Structures are given as structure tokens and as C-alpha cells.
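For the sequence shown, position 15 (counting from the first letter as 1) is numbered 14 according to numbering that gives the first Met the number 0, and the numbering increases by one without interruption.
Beta carbons are placed, not taken as given, at the ideal position from N, Cα and C, and that holds for glycine.
Just so it is clear, the structure is predicted and the values come from calculations on it, not from any experiment.
Written below as C-alpha cells is the structure these notes are about.
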Amino acid sequence: MALALTLFAVPAAGLAQAARPATMPPLPLTQIDERAVSADLDNRAFSLTFAQPVAINDVLLLLVRGTNLSVVPDPSVGGSFVGDLKSVTIRQALGLILKPLGLDFIADGGVIHVFRREPETRLFAVDYLASERTGDASIGINPATRADGSYARLTTSVKGDVFGDIAKGVQGLLSSRGTFNVDRKAGLVQVTDFPERLDRVGAYLEAVSDRILRQVQIEARVVEVELAGNKGATLDWTGLRQTRDSERVMAALSAQGTVTILAAPRLVVLNNEPAIIRAEGLTVAVTPQISEDGVVTLSLSPLVGAPQALQADMIARVSDGETIVVAGFGRDRESHETTSSTTSGGWFGRSTVVTKKTTELVVLLTPRIVPLP
0 MALALTLFAV
10 PAAGLAQAAR
20 PATMPPLPLT
30 QIDERAVSAD
40 LDNRAFSLTF
50 AQPVAINDVL
60 LLLVRGTNLS
70 VVPDPSVGGS
80 FVGDLKSVTI
90 RQALGLILKP
100 LGLDFIADGG
110 VIHVFRREPE
120 TRLFAVDYLA
130 SERTGDASIG
140 INPATRADGS
150 YARLTTSVKG
160 DVFGDIAKGV
170 QGLLSSRGTF
180 NVDRKAGLVQ
190 VTDFPERLDR
200 VGAYLEAVSD
210 RILRQVQIEA
220 RVVEVELAGN
230 KGATLDWTGL
240 RQTRDSERVM
250 AALSAQGTVT
260 ILAAPRLVVL
270 NNEPAIIRAE
280 GLTVAVTPQI
290 SEDGVVTLSL
300 SPLVGAPQAL
310 QADMIARVSD
320 GETIVVAGFG
330 RDRESHETTS
340 STTSGGWFGR
350 STVVTKKTTE
360 LVVLLTPRIV
370 PLP
């Protein structure tokens, strides 16, 4: 059975006036759990209700009354408390009452020291380049002449400012007394604020670092397929759509004509950073975005410069290790073969045979997420 006690608050003018009960306002009913008889911070459950503002020093004395704990408030401690606490320990009550007033406490043995909270300073490392990257690719005739109008240009630019974004994010996490400084050259963020605010900043910067430093290895193949059959033939995508494996795609392409690998680079790219793939007559700008669930979103801008400028722009999502195929850049190629012949009159002559063949450029991209160390 819980023991019910009626307590009285000591006026702020001083505890010495406690001998005059007629002037003391009644305090709320306090319930002490008899099953938790240990008089310390964590094993004493009680409830308090303050309908009228009570000086914080009086509240502190009430909290330790009947226990073996002592409380020593700093002279700068002030303010009052109004509220309703249900089934809390002394430690929980101190946290709930003191923090909204800008106060804190430490327990040293059986003594509770209460003091005004002051901001702390922490340094956070941000390992990232403080620069803007621009990828530029030019294909075709010199732009100064543009003799046949076949000049094409592809420019990709990352204008995001990582440190500027971090500054905005940190600012939104600070209290009214918080300050911070971003040192781009040193890769450091200095923050001054209360401990719980600093913890939030640390969690935010850790999440930013986790996403920025993600990497993906992009295995690229740029192939030319000389299609079998008549001029004007195109790739049959019936079999190609049924697979996301690069080797099976290559086998399906080989079944339709002669395949020549023009380039097969492997690139390791940071999250949301552009990369450029160049091969004969083709440039591909690719920017990966790596999600939490292992899906890679690729922003692709393939560009063919000759014999005529062809450009596309797309966004595709593939799972880790799947292959995306970019095609549709068909062109006709002429081959010239010189033959020699001798007539019946003994005249020796040469002739040139022109053969037109249909070819198509195909790009295979396979992103593989690089595990963080």
C-alpha cells in the first residue's frame, strides 16, 4: 500500500521561516512507492504536481527530503517550476525539471550538484574535397570551323557545395546559444552548444559522411555491332530485354552480327559525382546515386559526334550488379576494297568496290557498390 503524505513548501524568503505554518502554501500530494525503499537516484518512484510556480531551490529540497541524498545548488541557479510528474525517479525528475531552465546536475556519491548549463565545443572531421568538379567532353570538328556542322559538345557540372550544405544543416540543429565554424581547407566543423545539441550535430555529420563517401565501381563496355543481313537492319531486342547479365547481353549481340569491343574501362565513382567515358566516336557522362537499399540510379548522357551529332539524356535505376544497355546509335559504314584485273588484251586495271554496312554502337554499364571499409 502506498504511503500518502501532505507536504508544505518552504517560502522563497528562507527555510528559517518554516516555523510559521500559517504563511506556507500547501504543496501537492506526494506518493512514495514503498516497494522501492532504496533512497538513491534511481530506486525511488514518486509523483508530484505543482499547480503554482515554486522556486526551483525549494523543489530540489523537496526531491531529496526523506532520502540520504544531499543537494547543493550553485548560487546562479534560479527560476521556478510548474508541472505534473507521474511515477518518476529522482534522476528522471531532475532531468525533466532542470533542462528547460538551462540547468544541469552531476551526482558525486550522495551529493547532487546543480549548476547552470554552459555550452561545450567539439570538433567534427569532414573528409571531403572542398572543390567543384566539372566534366567536359568535345567531339567532332573543331568548334572554330564547324565545317560540316557535325560538332557536338557535352558538358556536365556539379554545382553543389558540400560544405555550404553542411553549414545549413548544422545551423538548423543548434540552440539559440549555439555557434559553429566550417573550415573548408582543414575539413573541420567546430561547433559550440549544449551536449545534446552536439550529439545531434554528430549524428547528422556521420549520416552525411556515410552517404557522400559511398562508392560504386562502374564496369563499362562500348561495343560496335556490325549487323548481319541487309542494309537498314536493326538490333532485335527480344532476347536482350530478358537479361540483365553483361555476358548474356554480349552473347545475344554476337548472335546478331560481328561484335567489336571499342573500350572496356572500369571506373570507381563517388556518390553523386560525374564520370566521363570516352571511346571511338562516343562519349558518355554518367553520375551515380547510391540508395540505402542497394539500388543505383544512373544519370546518363551519351553523345555520338560523327558522322552526325546524336545525343540522349536519361535516368535509369538498376540493382547492384545488374547491367543497363544503352543503344540506338545506328550508322552506316562504307568499306572500300581495291581489286586488280587483267583484260584479254593484256591491259592491267584496278577497280574499287564500295560496300555499305550497318553498324550500331551499344553501351553496357554494370554498377557494383563498393563496401565501405
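Q: Would you tell me roughly how many angstroms separate the C-alpha atoms of residue 252 and residue 364, rounded to the nearest one?
A: Here residue 252 corresponds to residue number 253 of the sequence shown, with the count starting at 1. Here residue 364 corresponds to residue number 365 of the sequence shown, with the count starting at 1. Note on geometry: alpha-carbon atoms of residue 252 and residue 364 lie some 15 Å from one another.
Q.
For a quick check, are the C-beta atoms of residue 188 and residue 204 less than 8 Å apart?
A. By one-based count along the sequence shown, residue 188 stands at place 189. By one-based count along the sequence shown, residue 204 stands at place 205. Contact flag set, yes.
**Q.** Distance between residue 193 and residue 20 (C-alpha atoms, nearest Å)
**A.** By 1-based counting over the sequence shown, the position of residue 20 is 21. By 1-based counting over the sequence shown, the position of residue 193 is 194. In this prediction, residue 20 has a pLDDT of 39, which is less than 50 and means its spatial position is unreliable; nothing more can be read from the coordinates.
Q | Cβ-Cβ separation, residue 328 to residue 360 (assumed contact under 8 Å), whole Å | A | For the purposes of this step, residue 360 is taken as residue 361 along the sequence shown, with counting starting at 1. For the purposes of this step, residue 328 is taken as residue 329 along the sequence shown, with counting starting at 1. The pair is a contact, with the Cβ atoms about 4 Å apart (cut-off 8 Å).
**Q.** Assigned secondary structure, residue 161 (DSSP; H/G/I helix, E/B strand, else coil)
**A.** By one-based count along the sequence shown, residue 161 stands at place 162. Correct three-state label for residue 161: helix.
Q: Alpha carbon to alpha carbon, how far is residue 362 from residue 315? Give it in angstroms, no decimals.
A: Stepping through the sequence shown from its first residue, residue 315 is reached at position 316. Stepping through the sequence shown from its first residue, residue 362 is reached at position 363. Approximately 14 Å between the Cα atoms of the pair.
**Q.** Assigned exposure category for residue 202 - 16 Cβ within 10 Å defines buried
**A.** Position 203 of the sequence shown, counted from the start, is the residue given in the question as residue 202. Residue 202 is classed as exposed because its beta carbon has fewer than 16 other beta carbons within 10 Å across all chains shown.
Q: Would you mind sorting residue 109 into buried or exposed? The rule is 16 or more other CB atoms within 10 Å of its CB.
A: Here residue 109 corresponds to residue number 110 of the sequence shown, with the count starting at 1. A residue is called buried once 16 or more other Cβ atoms fall within 10 Å of its Cβ, and residue 109, having fewer, is exposed.
Q: Could you tell me the distance, in whole angstroms, from the CA atom of residue 37 to the CA atom of residue 60?
A: Taking the sequence shown and counting its residues from 1, one reaches residue 37 at position 38. Taking the sequence shown and counting its residues from 1, one reaches residue 60 at position 61. Here the model assigns residue 37 a pLDDT of 40, short of 50, so the residue's position is not dependable and the matter cannot be decided.
**Q.** residue 200, enclosing alpha helix (DSSP H) - first and last residue
**A.** As a working mapping, residue 200 is identified with position 201 in the sequence shown. Under the DSSP assignment, residue 200 falls in the alpha helix (DSSP H) whose first and last residues are 194–211.
Q) In three-state terms, what does DSSP make of residue 99? A) Here residue 99 is taken as the residue at index 100 of the sequence shown, counted from 1. In the structure shown, residue 99 adopts helical secondary structure according to DSSP, grouped into three states.
Q. Where residue 272 and residue 287 are concerned, what is the direct C-alpha to C-alpha distance, given to the nearest angstrom?
A. Along the sequence shown, one-based indexing puts residue 272 at 273. Along the sequence shown, one-based indexing puts residue 287 at 288. Answer to the nearest angstrom: the Cα atoms are 7 Å apart.
Q) How big is the Cα-Cα spacing for residue 377 and residue 311? A) Given a span of 0 to 372 for the chain in the structure shown, any question on residue 377 remains unanswerable.
Q.
Nearest by alpha-carbon distance to residue 51: which of 366, 265, 226 and 83 is it?
A. Indexing the sequence shown from 1 puts residue 51 at position 52. Of the listed residues, the one whose Cα sits closest to residue 51 is 83.
Q | Beta-carbon contacts of residue 371 that lie in its chain and below 6 Å, excluding the five residues immediately before and after | A | If you number the sequence shown from 1, residue 371 lands on position 372. Hits under 6 Å: none found.
Q) With a CB to CB cut of under 6 Å and the five nearest residues on each side skipped, what residues in its chain are close to residue 191? A) For this step, residue 191 is matched to residue 192 along the sequence shown. Cβ within range, chain order: 118, 120 and 178.
**Q.** Per DSSP, cross-strand counterpart(s) of residue 182
**A.** Taking the first residue of the sequence shown as position 1, residue 182 is located at position 183. Per DSSP, the beta bridge partners of residue 182 are 187.
(Q) Measuring straight from C-alpha to C-alpha, what distance separates residue 223 and residue 318? (A) To locate residue 223, count along the sequence shown from 1; it is residue 224. To locate residue 318, count along the sequence shown from 1; it is residue 319. Cα-Cα distance, rounded: 26 Å.
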